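Quick note: the sequence shown uses full-length UniProt numbering, first residue 1, plus one each step.
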Amino acid sequence: MSAPRGFVLVNALILVAALSAVAVLLLSRAGEGHARRLVEQDATRLRLVLDGGEAMMRTALMRDVRSFDHATDRWARTFEAPLDNSLLTIEPVDLQGRFNINWLSNPEDTAGRAAFHRLIQRVGLPVSRGEDIVRFMKINSNPSGYQNRVPPISPIGGPVLMVRQLQTMPTLPESDFLKLAPHIIALPGDSRVNVNTVQKDVLGALLPEVPRGGLSKIIFDRERNPITSLEDFRSRVIAAGGMDATPAIDESRFSVSTNWVAVRLVAENGSGRSVTRFTLFERPPLPLAPRVAYRLTEQP
């Protein structure tokens with residue numbers, strides 16, 4: 001083989017190898033693009049399923065016309081809905097069964113702060129944690145330590161939108177936050193506790209005059225016979241504690257109904273992909289329909 005022919009052959013082989021590499025790259029990118037489109041299509045279908053779950057929850061809330069709300073109400077039950085190649089799970093939560101930390105931002109609400117300190121102790125946290133949180137919730141407060149965070153922050157203080165905002169506190173360990181979080185919620189300052197769903201520790205913090213045995217009796221009785229009015233609640237507190245509950249029952253703090261409902265929606269398809277959404281509903285007085293206050297979606 002002459003030198004020119006050998007040179008041409010080598011160049012041709014190099015060109016064929018280069019073209020093969022380009023073809024493999026294009027095929028690989030095409031495959032990746034197809035896979036991404038499939039994932040995006042799955043995510044879109046799952047988000048549509050979540051939208052349907054929100055609509056189902058809104059309908060359930062609209063159909064509830066009783067003057068009081070209870071854990072056994074149809075809208076309050078967790079249920080699963082098998083759909084076309086997917087499964088929808090709806091987990092409602094009555095948020096007015098927890099302590100509203102936005103009460104702490106009202107400087108005139110001394111009773112709310114006292115109740116919060118009692119709740120801190122009931123869940124097994126040191127008193128200093130409660131004091132730190134109260135300072136954090138104070139409007140225009142500027143506790144020390146925040147400038148040392150990475151990145152540094154300047155807390156404004158006052159009402160918060162979500163409980164997780166407490167995690168920015170340098171003096172609140174994550175373990176303590178996780179212990180307190182199931183008992184608290186961030187709602188408008190005028191929200192009330194639903195005595196039909198309120199947690200035992202939260203109720204005990206709000207009514208320290210009632211002994212633990214009396215609290216257990218109230219919780220046990222309401223499971224079978226929902227509390228229908230604040231007067232009904234007052235009579236049960238008196239029976240449980242053997243004291244005059246008239247000054248203890250603050251009608252601006254307690255209610256027998258729920259205006260704030262959260263729902264955790266999970267949509268999962270046959271491929272194992274899932275999308276989770278947390279939606280907060282506000283229930284205004286009838287005939288107005290429930291509205292979505294906000295939603296948080298976790299993409300697959």
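Glycine residues also receive a C-beta, built at the ideal position from the N, C-alpha and C atoms. In this text, all values refer to a predicted model and were calculated from it rather than measured experimentally.
Selected residue, minimal CA-CA separation from residue i, among the options
i, options, result
"F99", "A81, V163, P284", "V163"
"S128", "I90, D176, R192", "D176"
"L104", "P92, M137, R192", "M137"
"E298", "P287, P284, F278, R122", "F278"
"D250", "G272, N194, I218", "N194"
"A262", "T168, P285, G272, A186", "A186"
"V275", "T72, L83, L88, V65", "L88"
"P92", "F254, S67, F281", "F281"
"N196", "P290, I219, Q121", "I219"
"R212", "G241, I227, L83, V256", "G241"
"D69", "L230, L215, F79", "L230"
"K179", "V123, A239, G130", "V123"
"A205", "G112, T78, A76, T44", "G112"
"R224", "A55, A43, A71", "A71"
"A43", "P285, N269, A289", "N269"
"P159", "L172, E131, G189", "G189"
"S271", "N85, S67, D73, T59", "N85"
"P82", "P226, R58, I90", "I90"
"M56", "R222, V65, W75, V256", "W75"
"I101", "Q165, L215, V210", "Q165"
"A115", "N259, R234, P208, T228", "P208"
"H183", "I133, G52, L95", "L95"
For residue i, the three-state DSSP class (helix, strand or coil)
i, result
"H34", "Unreliable placement is indicated for H34, whose pLDDT of 49 sits below 50; the coordinate value is still reported in the next sentence. Of the three classes helix, strand and coil, the one that applies to H34 here is helix, per DSSP."
"F68", "coil"
"E251", "coil"
"R291", "strand"
"N227", "It is Ile, not Asn, that sits at residue 227 in the sequence shown. I227: coil per DSSP, three-state reduction."
"V160", "coil"
"V193", "strand"
"R45", "helix"
"R283", "coil"
"E209", "coil"
"S257", "coil"
"V134", "helix"
"V237", "helix"
"M169", "coil"
"I139", "coil"
"V198", "coil"
"D73", "coil"
Beta-bridge pairing of residue i - partner residues as DSSP gives them
i, result
"F79", "I90"
"A278", "Sequence check: residue 278 is Phe here, not Ala. BP columns for F278 point to R264, L296."
"I184", "F99"
"N269", "S86"
Presumed contact (8 angstroms Cβ cut-off) between residue i and residue j, rounded CB distance
i, j, result
"R283", "L50", "With a Cβ gap of about 20 angstroms, R283 and L50 do not count as contacting."
"I119", "V202", "The sequence shown places Leu at residue 119, rather than the Ile named in the question. At roughly 6 angstroms, the Cβ-Cβ gap stays under 8 angstroms, so L119 and V202 are in contact."
"E54", "V237", "Contact doesn't hold; Cβ gap of about 37 angstroms is too wide."
"R192", "R253", "6 angstroms"
"L46", "R295", "About 14 angstroms; that fails the 8 angstroms criterion."
"residue 303", "R58", "Outside the shown range of the chain, which is 1 to 300, sits residue 303, and nothing can be said about it."
Near the ligand ADP: residue i beta-carbon under 8 angstroms from a heavy atom
i, result
"L50", "This structure lacks the ligand ADP; in fact it carries no ligand of any kind."
Go through the region 83–131 residue by residue and report every complete run of the alpha helix (DSSP H) that reaches 4 residues or more, in order.
Whole alpha helix (DSSP H) segments, 4+ residues: 110–122.
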